[in-house]
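Novice: Below: one structure in structure tokens.
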Amino acid sequence: MALPTLRIIGFILGIFLITLAVSMVIPMVTLFAFDRTDDLQAFLWSSLITFGCGFALVAPGRPANTNLRPRDMYFLTTVSWVIVCCFAALPLMLIQHISYTDAFFETMSGITTTGATVLSGLDSASPGLLIWRSLLHWLGGIGFIGMAVAILPLLRVGGMRLFQTESSDWSEKVMPRSHMAGKYLIVIYLVFTLAAFIAFWLAGMSGFDAINHAMSTVATGGYSTSDASLGKFGPATHWVAIFFMILGSLPFTLYVATARGDRRALFGDQQVRGFLVMLTATSLLFSLWYWFNHEDSFLDSLRIVTFSVVSVITTTGYAVSDYAQWGGFAVMVFFYLTFLGGCSGSTSGGLKMFRFQVAYTLLRSNLKQLVHPRAVIRQQYNGHNLDEEIVRSILTFSFFFTMTIGVLALCLALLGLDPITALTGAASAVCNVGPGLGPIIGPAGNFSTLPDAAKWLLSVGMLLGRLEIITVLVMLTPSFWRH
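1 is the number of the first residue of the sequence shown in my numbering; add one for each residue after it.
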């Protein structure tokens, strides 16, 4: 890359690091409020180190007349997430006295809104540490929304160009200027977080627990202030979490369009309708099965199952019950649900609902073509024609998404992990769900006992899944680095 390009990339990274350093003031204020100043020094030194490195990158200034090409955006997107994780891990390492491997894993899980954790004893943990973990979720959630809206469609990643209303075509469909759209997205994200905080508080949580879970839920992250996750809190909080997990997994730019007067923007969208129908049908049918096979009342069965289903499909990863103990059928269902994900342009991970819908559209068209070989069958989804480029990008993404999980699972098995832990750990990392299955990394366990090599591999898997695979893989090709 040319020197001016590297300078502007360094300038942007410096802004990210300065923003991260300023964000560390929030846990410092929290520690003062709880009179836990023993952990204050860890955040102070971490903030100073992060700010110093960021200032060093910003000080030379922004090069004039330099624009980033798509190739540069790939590099910037991947490097920025890695660099931010490297510095955001410092407070965790200094407070918990854990290895940098564990601190980086926890941070990568937080920023990618995965929710997998290596920490235990959260009920008595430092309030500064807890608020920092939730803040990582919150920052990662809005960061991914911005990337999904502004960058990925321009780079033709995984068929996301289908969603021009939610992505690059701001000028005609949603907003006159993209920077104004960004402001609307941030405001909506803040409003959802505030509403979730109030709802959790009214449902019986303390103010501190409410703000932590509000940030984690809207970001569909899954970090909690208790080892028991939301199982520690009452049923009312479970319904609140269900509502806001669903809100966080819908396209945020459709919220912008709705707020600007287009009343059909959200519920007129084919992806949103399909996602909500799938959630409802799965929750009801699975609740009936649970009710017939357990002693809970139907309302309790509906609450427990709906919460678990929504938590996994939206890739949040909260738990109120160890569904791994529900039997083999339930384990298989949750393993399949791990791959679904929410909608494009949301905070959730996974394959995303629109890819399954496009696959069904293609299957239906091919079946019709077999019956009527001479017929001209139009392939459309959500009002867009499915041209060859879109189909190719979706097939490429889906193939490499699956291959990434398979290769990662093989590598984990090579390190000595049992097949269930290796396969579900790889799937939960790449899909950004959080908990896997089995006694080690299931809803009642965590990732602390895994070998360090496994944690680094899973960190890479979380990054790949969050950045839609192709964004990272393209940098491994020789042509990317060729002048």
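Think of the CB as a built atom: it goes at the ideal place given N, C-alpha and C, for glycine as much as any other residue.
1) Output the distance between the C-alpha atoms of residue 18 and residue 128, rounded to the nearest integer angstrom.
2) Can you find the residues in the same chain that come closer than 8 Å, C-beta to C-beta, to residue 279, ignoring five residues on each side of it along the sequence?
3) Short of 6 Å in beta carbon distance, which residues of its chain neighbour residue 423, apart from the five on each side in sequence? Order them along the chain.
4) Taking all protein chains shown into account, decide if residue 3 is buried (16 or more other Cβ within 10 angstroms of its Cβ) or exposed.
5) Helix or strand or just coil, what does DSSP make of residue 100?
6) So the candidates are 112, 187, 407; which of them puts its Cα closest to the Cα of residue 143?
7) Roughly how many whole angstroms lie between the Cα atoms of residue 394 and residue 344?
8) In whole angstroms, what is the alpha-carbon distance linking residue 197 and residue 230?
9) What separation, rounded to the nearest whole angstrom, lies between the Cα atoms of residue 63 and residue 71?
10) Just to confirm before moving on: does the CB-CB distance between residue 141 and residue 347 stay below 7 Å?
11) Which class does residue 425 belong to by DSSP, given the choice of helix, strand or coil?
12) What's the gap between the Cα of residue 488 and the Cα of residue 20?
13) Using alpha carbons as the reference points, say which of 453, 275, 304, 186 lies closest to residue 235.
14) Out of 316, 334, 371, 239, which has the shortest C-alpha to C-alpha gap to residue 286?
15) So, is residue 438 buried or exposed, given that buried needs 16 or more other C-beta atoms within 10 angstroms?
16) Touching or not, the region 210–221 and the region 369–387, by the rule of three or more beta carbon pairs under 8 Å?
17) In the DSSP assignment, what are the bridge partners of residue 381?
18) Put residue 14 into one of helix, strand or coil per three-state DSSP.
19) Please report the distance separating the alpha-carbon of residue 451 from that of residue 338.
20) Residue 306 to residue 283, Cα distance in whole Å?
21) Are residue 272 and residue 299 close, meaning C-beta to C-beta below 7 Å?
22) So, are the CB atoms of residue 381 and residue 396 less than 7 Å apart?
23) In three-state terms, what does DSSP make of residue 441?
24) Which of the three DSSP states is assigned to residue 482 in this structure?
25) Near residue 203, which residues of its chain fall below 6 Å by C-beta distance, leaving aside the five closest residues on each side in sequence?
26) Can you tell me the Cα-Cα spacing of residue 270 and residue 322, whole angstroms?
27) If you draw a straight line from the C-alpha of residue 317 to the C-alpha of residue 365, how long is it?
28) Pick helix, strand or coil for residue 133, following the three-state DSSP scheme.
29) Within 10 Å of its beta-carbon, does residue 137 have 16 or more other beta-carbons around it, so buried, or fewer, so exposed?
30) Have a look at residue 336 and residue 105 and give me their C-alpha separation to the nearest angstrom.
31) When we look at the beta-carbon of residue 325 and count the other beta-carbons within 10 Å, is it buried (16 or more) or exposed?
Specialist: This is what the structure gives:
1) 19 Å
2) 246, 309, 310, 313
3) 409
4) exposed
5) helix
6) 112
7) 13 Å
8) 14 Å
9) 18 Å
10) yes
11) helix
12) Given a span of 1 to 483 for the chain in the structure shown, any question on residue 488 remains unanswerable.
13) 304
14) 334
15) buried
16) no
17) 384
18) helix
19) 23 Å
20) 5 Å
21) no
22) no
23) coil
24) coil
25) 236, 237, 240
26) 33 Å
27) 36 Å
28) helix
29) buried
30) 25 Å
31) exposed
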